[in-house]
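Below is one structure, written out as structure tokens, with a few remarks after it.
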Amino acid sequence: MHSSYFQLLKSEFQSYNREKFFKDLLSGLTVAAVALPLAIAFGVSSGVDASAGLITAIIAGLIIGGLSGGFYQISGPTGAMAAILMSISATQGIQGVLLATFLAGIFLLFAGIFKLGMLTSFIPAPVITGFTSGIAIIIALGQIDNLFGTHSKGANALEKLHSYTTLGFAINWTAVTMGGIVILVMLLYPKRLAALLPSSLFVIIIATICMLLFHLPVGTVGTIPTTLISDHRLAVNQLSIASLQAVAVPAISIALLGMVESLLCGASAGRMANKSLDSNQELIAQGIGNLIIPFFGGIPATAAIARTSVAIKSGAQTRLAGMIHALVLFLSMMILAPVMSQIPMPALAGVLIVTAWRMNEWLTIKEFFTKHYWVSLTLFFLTMVSTVIFDLSIAIVIGIIGGSIFFLIKSAAITISLERIDWERMNLPENEKLTNWTVVYISGPLFFMSAEKLKQTLHQLTEHEGVIFSMRGVPHIDVTALAVFDEFQRQASMNGTSIIYTSLQPDVAHYMHHLWDQTESQQHKTVAHALHSLYQSDTPTVS
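Note that full-length UniProt numbering gives residue 409 to position 409 of the sequence shown, counting from 1, and the numbers run on in steps of one.
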């Protein structure tokens, strides 16, 4: 693992020069402009505070960015992670979030060491799309308080939403107006300007200036410490087996999301940068980063596709771009903390709502509908609803189980067709031609879910003089289907029915070998070899 990491570094910096450094510098500055408002917003929306988001972005940019499996990966707090942390902080408190982050770091580190980066390939694409949309809904619902200037109670977005029925809904129209304007400006923001100044940073600057000039009656971010070590950091003496056991389940959710989000980001960004991601090294980097971040007071970090794509598009050459972005964020926190503390919460709410909207994979969802991919749509909605009602880990399990069930149902669809033999095509002497023979063409895997259909078909053939099974289209067979053939063959033997298996795949032939009886008449062997030329069989066998 160490050798592969050093090989990555060698490849990146082999011909490094001043020109490439300036490209990294420009890319780092550009990514920092995008990351600054998002780090603050995700820190607040996670239930911790703005400084936690900034600390996470800085430490992740330095440590995870430096150890990453791809130079283009930019890690930090994300909206998806904030959605999970919202419920954890409500039930376990800030220390629970920090402990869960530390334990998730251990899980991710071991996942990388044991080369489990390929596990995400087992998650169906509609499931990933579904929980991304589910997380987007949670983020949007979680911003109702900030957008409307209200207060709710509950451990998750749905409970908070339900609490309005008992707590009332006293709207702060100043907050609504500000949040609405932010949303409109971000949606209508010209793309040519976004390359120079990201829309999220632009609206935050304007909203903060308005707050400083007019002292508007809305909530603000609050004090942002000018230190990388928060008062709410995790202490070594707080680590114990009992405390870690209490956060094991949320830690699994954090680790799963960190793995999925980081590797999917790497796969997408790798295509953009034309450099493949070392997925196991990426998991090691994420693990080490999330082990360290809680001791500074940060929240979980993952690779973020928005910031990563900005880094690539702005010309990042090496992992120095991500580390420079972290240093710029650190300087911003040291210098601009008094100003950032006046950022209005409705403006952050607007930024997060637009971010949630853009998180959805709209082109993929549209394709599901327009091409009538009903199975994909079912998995999409099943996972999305499960994510909102339960949590990510449960939603992923439900989605994978649902996908497996649909796959089994689809796999059970075999085709069986019967056809009388045309002896004129066989070119056999008249005395070797037989009567009442049928060819059974089978296509599809034969296993327990398709065995009943096979059994019903074979039941129709017991009165035939001979049956030929053409099985070139059968890739696999299990013991249940073998038992069906065995039962049919015993019945056929009692009725004097001859059976020929032809065009068998090697694996199928291996399992069916015990059904073959090579002591049949020479006439039937002659027929089998004639069938070999007719059906292009590699293994004509007679029973």
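From the three backbone atoms N, C-alpha and C, an ideal C-beta is built for every residue, glycine too.
If you pair each beta-carbon of the stretch 184-194 with each one of the stretch 320-336, do three or more pairs fall below 8 Å? no
Which residue spans inside the stretch 269-299 form an unbroken alpha helix (DSSP H) run of at least 4? 279-292
If you measure between the beta carbons of Gly93 and Ala349, is that distance less than 8 Å? Taking the sequence shown and counting its residues from 1, the one referred to as residue 93 is at position 93. Taking the sequence shown and counting its residues from 1, the one referred to as residue 349 is at position 349. Against a cut-off of 8 Å, the Cβ pair of Ala349 and Gly93 comes out as no contact.
Given this structure, state the Cα-to-Cα distance separating Pro300 from Pro475, to the nearest angstrom. On the sequence shown, residue 300 is found 300 positions in, with the first residue counted as 1. On the sequence shown, residue 475 is found 475 positions in, with the first residue counted as 1. Their Cα atoms are separated by approximately 45 Å.
In this structure, does DSSP put Thr78 in helix, strand or coil? The count along the sequence shown starts at 1 and reaches residue 78 at position 78. If DSSP states are grouped into helix, strand and coil, Thr78 belongs with coil.
DSSP three-state assignment for Ala303, whether helix, strand or coil: As a working note, residue 303 is residue 303 in the sequence shown. The answer is strand: DSSP assigns Ala303 an E or B state.
Hey, would you say Thr502 sits closer than 8 Å to Thr462, going by beta carbons? Within the sequence shown, residue 502 is the residue found at index 502, counting from 1. Within the sequence shown, residue 462 is the residue found at index 462, counting from 1. Not closer than 8 Å, so no.
DSSP state of Gly266 mapped onto helix, strand, coil: Position 266 of the sequence shown, counting from 1, holds the residue named residue 266. Correct three-state label for Gly266: helix.
Since Thr208 is in the beta strand (DSSP E), which residue starts that stretch and which ends it? Along the sequence shown, one-based indexing puts residue 208 at 208. Run containing Thr208: none in the beta strand (DSSP E); it sits in the alpha helix (DSSP H), Ser199 to Phe214.
Expressed to the nearest angstrom, what Euclidean distance is found between the alpha-carbon atoms of Thr458 and Ser3? Residue numbering aside, residue 458 sits at position 458 when the sequence shown is read from its first letter. Residue numbering aside, residue 3 sits at position 3 when the sequence shown is read from its first letter. For the record, residue 458 in the displayed sequence is Leu; it is not Thr. About 59 Å.
So what's Arg472 in DSSP terms, helix, strand or just coil? Translated into the one-based positions of the sequence shown, residue 472 becomes position 472. Residue state, collapsed to three classes: strand.
With a 10 Å radius around its C-beta and 16 neighbouring C-beta atoms as the bar for buried, classify Tyr72 as buried or exposed. Mapped onto the sequence shown, residue 72 falls at position 72. The residue in question, Tyr72, is buried, as its Cβ has 16 or more Cβ neighbours within 10 Å.
Ignoring anything shorter than 4 residues, give me the alpha helix (DSSP H) runs that lie fully in the stretch 145-184, in order along the chain. 157-167
If I measure Cβ to Cβ from Ala60 and keep anything under 6 Å in the same chain, skipping five residues before and after, which residues do I get? What you label residue 60 is simply residue 60 of the sequence shown in a count that begins at 1. Same-chain partners within the cutoff: Ser75, Gly76, Gly289 and Ala301.
Just reading off the alpha helix (DSSP H) that Ile135 is part of, what are its end residues? Here residue 135 is taken as the residue at index 135 of the sequence shown, counted from 1. Residues Ala125 to Gly142.
Counting beta carbon pairs with one atom in the stretch 267-283 and one in the stretch 41-51, are three or more of them shorter than 8 Å? no
Extent of the continuous alpha helix (DSSP H) to which Glu487 belongs: Translated into positions along the sequence shown, residue 487 becomes position 487. Its alpha helix (DSSP H) spans residues Val479 to Asn495.
To the nearest angstrom, how far is the alpha carbon of Asp507 from that of Asn495? On the sequence shown, position 507 is the one that residue 507 refers to. On the sequence shown, position 495 is the one that residue 495 refers to. Near 29 Å, if we compare the C-alpha coordinates of Asn495 and Asp507.
Nearest residue (CA-CA) to Ile106, options Ser309, Leu256, Leu291 and Leu197: Here residue 106 is taken as the residue at index 106 of the sequence shown, counted from 1. When each option's Cα is compared against that of Ile106, the closest is Leu291.
Which of the three DSSP states is assigned to Thr438 in this structure? Mapped onto the sequence shown, residue 438 falls at position 438. Strand.
Gly219 in three-state terms, based on DSSP: Start at 1 with the first residue of the sequence shown, and residue 219 comes out as number 219. The answer is coil: DSSP assigns Gly219 none of H, G, I, E or B.
List the endpoints of the continuous beta strand (DSSP E) containing Ser498. In the sequence shown, counting from the first residue as 1, residue 498 sits at position 498. Segment Ser498 to Thr502, the beta strand (DSSP E) holding Ser498.
Report the three-state DSSP secondary structure of Ile229 (helix, strand or coil). Residue mapping note: residue 229 aligns to position 229 of the sequence shown, counting from 1. Here Ile229 sits in coil by DSSP.
Validate contact between the stretch 228-235 and the stretch 29-40 using beta carbons, cut 8 Å, 3 pairs: no
Residues near Ile137 in its chain [Cβ-Cβ closer than 6 Å; skip 5 each side]: Within the sequence shown, residue 137 is the residue found at index 137, counting from 1. Correct list, in chain order: Val388.
Determine, using beta-carbon pairs with one atom in the stretch 128-137 and one in the stretch 355-362, whether at least three such pairs fall under 8 Å. yes
Whole-angstrom C-beta distance between Ser443 and Thr415, which should lie under 8 Å: For this step, residue 415 is matched to residue 415 along the sequence shown. For this step, residue 443 is matched to residue 443 along the sequence shown. With a Cβ gap of about 5 Å, Thr415 and Ser443 count as contacting.
To which residues of the same chain is Ser253 closer than 7 Å at the C-beta, ignoring the five residues directly before and after it? Reading the sequence shown from its first residue, position 253 is the one you call residue 253. So the list reads Ile84, Asp391, Leu392 and Ser393, once near-sequence residues are dropped.
Helix, strand or coil at Arg319 according to DSSP, with G and I counted as helix: Position 319 of the sequence shown, counted from the start, is the residue given in the question as residue 319. Correct three-state label for Arg319: coil.
Trp362: which of Ile128, Gly96 and Ser68 sits nearest, CA to CA? Within the sequence shown, numbered from 1, the residue matching residue 362 stands at position 362. It is Ile128 whose Cα lies nearest to the Cα of Trp362.
Between the C-alpha atoms of Phe13 and Ala304, what's the straight-line distance to the nearest angstrom? By 1-based counting over the sequence shown, the position of residue 13 is 13. By 1-based counting over the sequence shown, the position of residue 304 is 304. One C-alpha to the other measures close to 24 Å.
Report back the beta-carbon spacing between Thr438 and Val467 to the nearest angstrom; my notes put them in contact at under 8 Å. On the sequence shown, residue 438 is found 438 positions in, with the first residue counted as 1. On the sequence shown, residue 467 is found 467 positions in, with the first residue counted as 1. Right, the Cβ-Cβ distance comes to about 6 Å (below 8 Å), so this counts as a contact.
Option nearest Ile206 by Cα separation, candidates Pro346, Leu161 and Arg490: For the purposes of this step, residue 206 is taken as residue 206 along the sequence shown, with counting starting at 1. Considering only alpha carbons, the answer is Pro346.
Measuring alpha carbon to alpha carbon, tell me which residue in Thr177, Phe122, Leu116 and Thr165 is nearest Ser146. As a first step, residue 146 is located in the sequence shown; it is residue number 146 there, counting from the start. This sequence places Asn at residue 146; Ser is not what is there. Cα-wise, what sits closest to Asn146 is Thr177.
C-beta atoms of Val218 and Ala175 nearer than 8 Å: On the sequence shown, position 218 is the one that residue 218 refers to. On the sequence shown, position 175 is the one that residue 175 refers to. Cβ atoms of Val218 and Ala175: closer than 8 Å.
Is Gly399 near Gly130, with beta carbons less than 8 Å apart? Here residue 399 refers to the residue found at position 399 when the sequence shown is read from its first residue. Here residue 130 refers to the residue found at position 130 when the sequence shown is read from its first residue. Contact: yes.
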